[in-house]
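Numbering (the numbering used here), first residue to last: 309 to 482.
Structure first, commentary second.
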């Protein structure tokens, strides 16, 4: 993200990141290497504790399970990648999701975020707990928390109308 922002010559940005994109956006905002004015995370962990049940879920994911659960993303990957290796991709994702080191989740570095932050979570999100979202919002001064009912990990797909109304207000200071 940082390289793209710099390549485009942008001095200040607002970022919306879903899931892993939200984690990357949190890391970028905490690093303060680029000017982030506003940040929206949707279904994104700020930390993944050793006892978080999502760890077991991530550890159990295989290429075969992924293909069965998410055939559309598998098909897109196969179609778009000139040299597809889905097993390698799955192993890399699993390593990313389970990384407890400095290159993994931003953890307490989120306290360094100065951007306006909106933390969004679907009430039925099977990956990011309500507690995790609240903990993130509590660590960033002035952060807002939106827990959307009747939505899972992808609130932008499950309840776009509700989410868009809040995004509009947040991004336009209403």
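We put the beta carbon where it would ideally sit given N, CA and C, even for glycine.
- Rounded to the nearest angstrom, the Cβ distance from residue 370 to residue 398 is 6 Å, consistent with a contact under 8 Å.
- Contact annotation, residue 327 with residue 352: C-beta distance approximately 6 Å; criterion of less than 8 Å satisfied.
- For the set 440, 325, 471, 425, the Cα lying nearest the Cα of residue 359 is the one of 440.
- A straight line joining the alpha-carbon of residue 361 with that of residue 368 spans about 11 Å.
- Between residue 433 and the set 419, 423, 454, the nearest pair of CA atoms involves 454.
- Residue pairing for residue 326: DSSP places it in a beta bridge opposite 350.
- Straight-line measurement puts the Cα of residue 380 at about 13 Å from the Cα of residue 394.
- The C-beta separation of residue 473 from residue 345 comes to about 20 Å, leaving the pair out of contact by the 8 Å criterion.
- DSSP places residue 442 within a helical segment (H, G or I) once states are collapsed to three.
- Residue 341 sits exposed, since fewer than 16 C-beta atoms from the chains shown fall within 10 Å of its C-beta.
- For a cut-off of 8 Å, the C-beta gap from residue 417 to residue 338 is around 4 Å, short enough to register as a contact.
- Residue 452 is bridged by DSSP to 426.
- Residue 419 places its beta carbon less than 8 Å from that of residue 447.
- Under DSSP, residue 317 forms no beta bridge with any residue.
- Boundaries of the alpha helix (DSSP H) harbouring residue 380: 379 to 388, taken from the DSSP string.
- In the DSSP assignment, residue 361 falls within the unbroken alpha helix (DSSP H) covering 361 to 367.
- Excluding sequence positions up to five before and after residue 320, its CB lies within less than 7 Å of the CB of 343, 345, all in the same chain and listed in chain order.
- By the criterion of a C-beta distance shorter than 8 Å, residue 414 is surrounded in its chain by 331, 334, 335, 338, 354, 355, once the five residues flanking it on both sides are discounted.
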